[in-house]
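J.: Sequential numbering of the sequence shown, starting at 463, is according to the working numbering. Here a beta-carbon is modelled for each residue, glycine too, at the ideal position from N, C-alpha and C. All figures in this text were calculated on a predicted structure; none of them were measured in a lab. Below you'll find the structure I mean.
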Amino acid sequence: LAEGGITDDELRKAVGQLCGGIVLALEDTGSRMSRLGRAELVSGEYQDIDETLRLIKAVTAQEVQDLAKELAAAPRTVTVVGPFGETETFGL
């Protein structure tokens, strides 16, 4: 993805699937409340669903590739939570 990017058709399908999932989730009260809670925790403000869909539809194939390159170049980290006594267990 970082090297070859995506086609316009792949982007169109991904955007359609993402937008469709968001709209379908609006039918469930729990999903709506989770969306509101996440918005409050992440940004402190609620984004209208129409604005969210507009922003998703505005994403370009080049933006997807640029982000993939950025994420692929980022240092990798591992986080482990649990009652472990030795770090050797994980080869650290």
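1) Under a three-way DSSP split, which group does Val540 fall into?
2) Pick helix, strand or coil for Gln479, following the three-state DSSP scheme.
3) What is the DSSP secondary structure of Glu489, counted as helix, strand or coil?
4) Would you give the residue range spanned by the alpha helix (DSSP H) that Glu513 belongs to?
5) Less than 8 Å between the beta carbons of Gly467 and Ala523, yes or no?
6) Go through its chain and collect everything with a Cβ distance to Ser493's Cβ below 6 Å, but skip five positions before and after it.
T.: Reading off the structure:
1) Coil.
2) Here Gln479 sits in helix by DSSP.
3) Three-state result, Glu489: coil.
4) Glu513 -> alpha helix (DSSP H) spans Ile511 to Lys519.
5) The answer is yes: Cβ separation under 8 Å.
6) Residues of the same chain with a CB within less than 6 Å of the CB of Ser493, apart from the 5 flanking positions on each side, are Ala487 in chain order.
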